[in-house]
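**Student:**
In the UniProt record's numbering, the protein residues as written are 1 to 402.
Rendered as structure tokens:
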């Protein structure tokens, strides 16, 4: 339930193509993720300067993708990553510390793209000065891998805006070349959204940034940008958790207020009865019975003397694996059996019910194993795990006695 608040919900993709004469053209694509709906907020192509845009959004989270002059692309036999030991296969007698390097593995091949740090940093500074917050740097056309299945591309060759790439029937990249005459023979669409072919790479970059927590972005290794991205995601997660925590505390305080006001009023009435009929044993017995009923009411409302139950929820959330998300958390929920059989509202005592989703049951079991280490947990068990083939994920229910 909270997972959608942890991710970036607005992103701008900025494609910079550098011509042979050193001039640059820009394409900008603004996206917004509202729950599970992706909306295009801006489309701008063939810009000679990023500040030509009249409706630029200051401090917008941005993914920058650079193509053209200054970006070297090389296809080599598959390897896990490019480092100091094997960088000479890409550039002879060059120092890897002078370059940003991007690795993209497809099948038995590694597609490596590099750009001088000074050149890339210059463009990133320009983007930053225009009010954006660059969080990701991509090189070449390779980020299109994450969106190509959304496009109306059906053959093994995909040509657009000077880029020509070949894939086999399984989607493995076989080769790439840049050719100015390579253009799409048809109008490109992303699902049902018309997409100018000059906008494809800007869209791919923005899409990667929006879903950076759910897919493996194809990006250059720029530690500074990676740190900023992680800081941004952590800040969103902190704000979401803080909002939930404050909301929970507010609700508990309101419940406390109304329950104790009500009980205080009842107790005052009982105290008056006690003082006016102190010598009447039958009345005293009635008063004692009324007090016991109030105590049972408190117990039924879940007031069992355990303080700061929100701390328990926070501890459970800290143990949660990244690929497991919660849908709901119920502390001392109503007793459904009592409500059905006796038609009385009762609350379970010292019990927590958690529902959520995970594409695999193993992370859920791992979380249960972690939770067992908490001394306040008496027992924890999985009540159910049902996998939904259409959604591609499983829904689970966990019960905890504390």
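Where is the CB? At the ideal position from N, CA and C, for every residue including glycine.
(1) Among residues of its own chain, excluding the 5 on either side of residue 81, which ones have a beta-carbon nearer than 7 angstroms to its beta-carbon?
(2) Could you check the C-alpha separation between residue 39 and residue 147 for me, to the nearest Å?
(3) Please report the residue range of the beta strand (DSSP E) in which residue 326 lies.
(4) Taking only the alpha-carbon atoms, compute the straight-line gap between residue 172 and residue 108 and give it to the nearest angstrom.
(5) Can at least three beta-carbon pairs, one atom from the region 141–159 and one from the region 178–196, be found at a separation below 8 angstroms?
(6) Does the Cβ of residue 198 have 16 or more other Cβ atoms within 10 Å, making it buried, or fewer, making it exposed?
(7) If residue 50 and residue 26 are in contact, beta carbons under 8 angstroms, what's the gap, nearest whole angstrom?
(8) Return the chain-ordered list of same chain residues with a C-beta closer than 6 angstroms to the C-beta of residue 379, the five sequence neighbours on each side being excluded.
(9) Apart from the five residues just before and just after residue 330, which ones in its own chain have a Cβ nearer than 6 angstroms to its Cβ?
(10) Straight-line CA distance for residue 117 to residue 216?
(11) Roughly how many angstroms lie between the CA atoms of residue 358 and residue 391, to the nearest whole one?
(12) Looking at C-alpha atoms only, which residue of 183, 28, 32 and 166 is the closest neighbour of residue 44?
(13) Would a C-beta distance cut-off of 8 angstroms place residue 206 and residue 12 closer than the cut-off?
(14) Taking the C-alpha atoms as reference points, what is the distance between residue 106 and residue 156?
(15) Looking at the strands, I want to know which residues DSSP matches up with residue 86.
(16) So residue 145 and residue 184 are in contact, right, with Cβ under 8 angstroms, and what is the actual spacing, rounded?
(17) Report all residues from its chain with a CB closer than 6 angstroms to the CB of residue 204; omit the five preceding and five following residues, and keep chain order.
(18) In three-state DSSP terms, what is residue 92?
(19) Buried or exposed for residue 396, please, with buried defined as at least 16 other CB atoms from any protein chain shown within 10 angstroms of its CB.
(20) With DSSP collapsed to three states, give me the class of residue 73.
(21) Residue 208: which of 24, 167 and 30 sits nearest, CA to CA?
(22) Closer than 8 angstroms by C-beta to residue 323: which residues in its own chain qualify, once you throw out the five before and the five after it? Chain order, please.
(23) Have a look at residue 162 and residue 63 and give me their C-alpha separation to the nearest angstrom.
(24) Less than 8 angstroms between the C-beta atoms of residue 113 and residue 140, yes or no?
(25) Expressed to the nearest angstrom, what Euclidean distance is found between the alpha-carbon atoms of residue 167 and residue 17?
(26) Pull the bridge partners of residue 111 from the DSSP assignment, please.
(27) Closest to residue 367 by C-alpha separation, out of 350, 333 and 326, would be which residue?
(28) In three-state DSSP terms, what is residue 228?
(29) Using a Cβ-Cβ cutoff of less than 7 angstroms, which residues in the same chain neighbour residue 90 once the five nearest sequence positions on both sides are dropped?
(30) Given residue 41, which residues of its chain have a CB within under 7 angstroms of its CB, disregarding the five upstream and five downstream residues?
(31) In whole angstroms, what separates the C-alpha of residue 58 from that of residue 100?
(32) How far does the beta strand (DSSP E) with residue 66 in it extend, from its first residue to its last?
(33) Suppose contacts are defined by Cβ-Cβ distances below 8 angstroms. Is residue 132 in contact with residue 60 by that definition?
(34) Could you please give the first and the last residue of the uninterrupted beta strand (DSSP E) stretch that includes residue 383?
(35) Which residue from 34, 35 and 68 puts its Cα closest to that of residue 21?
(36) Rounded to a whole number of angstroms, what is the C-alpha to C-alpha distance between residue 85 and residue 176?
**Tutor:** On the basis of the coordinates in this document:
(1) Working through the chain shown from its first residue, we reach residue 81 at position 81. Apart from the 5 residues on each side of it in sequence, residue 81 sits with its Cβ closer than 7 angstroms to the Cβ of 103 in its chain, given in chain order.
(2) Position 39 of the chain shown, counted from the start, is the residue given in the question as residue 39. Position 147 of the chain shown, counted from the start, is the residue given in the question as residue 147. Pairing residue 39 with residue 147, the inter-Cα distance amounts to about 15 angstroms.
(3) Here residue 326 corresponds to residue number 326 of the chain shown, with the count starting at 1. Per DSSP, the continuous beta strand (DSSP E) segment holding residue 326 begins and ends at 324–331.
(4) As a first step, residue 172 must be located in the chain shown, where it is residue number 172. As a first step, residue 108 must be located in the chain shown, where it is residue number 108. So the two alpha carbons sit approximately 9 angstroms from each other.
(5) When Cβ pairs closer than 8 angstroms are counted between the two stretches, the region 141–159 is seen to touch the region 178–196, the count reaching three or more.
(6) Indexing the chain shown from 1 puts residue 198 at position 198. Buried: at least 16 other Cβ atoms inside 10 Å.
(7) Taking the chain shown and counting its residues from 1, one reaches residue 50 at position 50. Taking the chain shown and counting its residues from 1, one reaches residue 26 at position 26. About 5 angstroms separates the Cβ atoms of residue 50 and residue 26, confirming a contact at the 8 angstroms cut-off.
(8) As a first step, residue 379 is located in the chain shown; it is residue number 379 there, counting from the start. Around residue 379: 401.
(9) In the chain shown, the residue the question calls residue 330 occupies position 330. Once the five neighbours on either side are set aside, the close Cβ partners of residue 330 are 353.
(10) Your numbering for residue 117 matches position 117 in the chain shown. Your numbering for residue 216 matches position 216 in the chain shown. C-alpha separation (whole angstroms): 23 angstroms.
(11) If you number the chain shown from 1, residue 358 lands on position 358. If you number the chain shown from 1, residue 391 lands on position 391. Cα to Cα, the separation comes out at about 11 angstroms.
(12) By 1-based counting over the chain shown, the position of residue 44 is 44. Considering only alpha carbons, the answer is 28.
(13) Here residue 206 refers to the residue found at position 206 when the chain shown is read from its first residue. Here residue 12 refers to the residue found at position 12 when the chain shown is read from its first residue. Against a cut-off of 8 angstroms, the Cβ pair of residue 12 and residue 206 comes out as a contact.
(14) Along the chain shown, one-based indexing puts residue 106 at 106. Along the chain shown, one-based indexing puts residue 156 at 156. C-alpha of residue 106 to C-alpha of residue 156: approximately 14 angstroms in a straight line.
(15) Taking the chain shown and counting its residues from 1, the one referred to as residue 86 is at position 86. In the DSSP assignment, residue 86 forms no beta bridge with any residue.
(16) The count along the chain shown starts at 1 and reaches residue 145 at position 145. The count along the chain shown starts at 1 and reaches residue 184 at position 184. With 8 angstroms as the limit, residue 145 and residue 184 do not qualify as a contact, their Cβ atoms being about 17 angstroms apart.
(17) Walking along the chain shown from the start, residue 204 turns up at place 204. The answer, listed in chain order, is 143, 144 and 147.
(18) Sequence index remark: in the chain shown, residue 92 carries index 92 (1-based). Residue 92 falls in the coil class under three-state DSSP.
(19) Taking the chain shown and counting its residues from 1, the one referred to as residue 396 is at position 396. With 16 or more other Cβ atoms within 10 Å, it is buried.
(20) Numbered from 1 along the chain shown, position 73 holds the residue referred to as residue 73. Taken through DSSP and simplified to helix, strand or coil, residue 73 comes out as strand.
(21) Residue numbering aside, residue 208 sits at position 208 when the chain shown is read from its first letter. Comparing Cα-Cα distances from residue 208 to each of 24, 167 and 30, the minimum goes to 30.
(22) Your numbering for residue 323 matches position 323 in the chain shown. 358, 359, 360 and 363, listed in sequence order.
(23) The count along the chain shown starts at 1 and reaches residue 162 at position 162. The count along the chain shown starts at 1 and reaches residue 63 at position 63. Taking C-alpha positions only, residue 162 is separated from residue 63 by approximately 21 angstroms.
(24) The sequence position of residue 113 within the chain shown is 113, counting from 1. The sequence position of residue 140 within the chain shown is 140, counting from 1. In this structure, residue 140 lies closer than 8 angstroms to residue 113 by Cβ.
(25) Indexing the chain shown from 1 puts residue 167 at position 167. Indexing the chain shown from 1 puts residue 17 at position 17. Their backbone Cα atoms lie some 23 angstroms apart in a straight line.
(26) Taking the first residue of the chain shown as 1, we reach residue 111 at position 111. According to DSSP, which records beta bridges pairwise, residue 111 is partnered with 75 and 104.
(27) As a first step, residue 367 is located in the chain shown; it is residue number 367 there, counting from the start. Its Cα nearest to that of residue 367, the residue 326 stands out among 350, 333 and 326.
(28) Numbered from its first residue, the chain shown carries residue 228 at position 228. Of the three classes helix, strand and coil, the one that applies to residue 228 here is helix, per DSSP.
(29) Residue numbering aside, residue 90 sits at position 90 when the chain shown is read from its first letter. Within the same chain, Cβ atoms closer than 7 angstroms to the Cβ of residue 90 are found at 74, 82, 112 and 114, the five residues on either side in sequence being excluded.
(30) Reading the chain shown from its first residue, position 41 is the one you call residue 41. So the qualifying residues of the chain are 30, 31 and 32.
(31) The residue given as residue 58 occupies position 58 in the chain shown. The residue given as residue 100 occupies position 100 in the chain shown. Only weak support is given to the placement of residue 58: the predicted model assigns it a pLDDT of 49, under 50, and the value that follows is read from those uncertain coordinates. Going from the Cα of residue 58 to the Cα of residue 100 covers about 26 angstroms.
(32) The residue you call residue 66 lines up with position 66 of the chain shown. Residues 60–68.
(33) Within the chain shown, residue 132 is the residue found at index 132, counting from 1. Within the chain shown, residue 60 is the residue found at index 60, counting from 1. Between residue 132 and residue 60, the CB-CB gap stays under 8 angstroms.
(34) Translated into the one-based positions of the chain shown, residue 383 becomes position 383. Start and end: 379–388.
(35) Here residue 21 corresponds to residue number 21 of the chain shown, with the count starting at 1. Comparing Cα positions, the closest option is 68.
(36) As a first step, residue 85 must be located in the chain shown, where it is residue number 85. As a first step, residue 176 must be located in the chain shown, where it is residue number 176. Near 25 angstroms, if we compare the C-alpha coordinates of residue 176 and residue 85.
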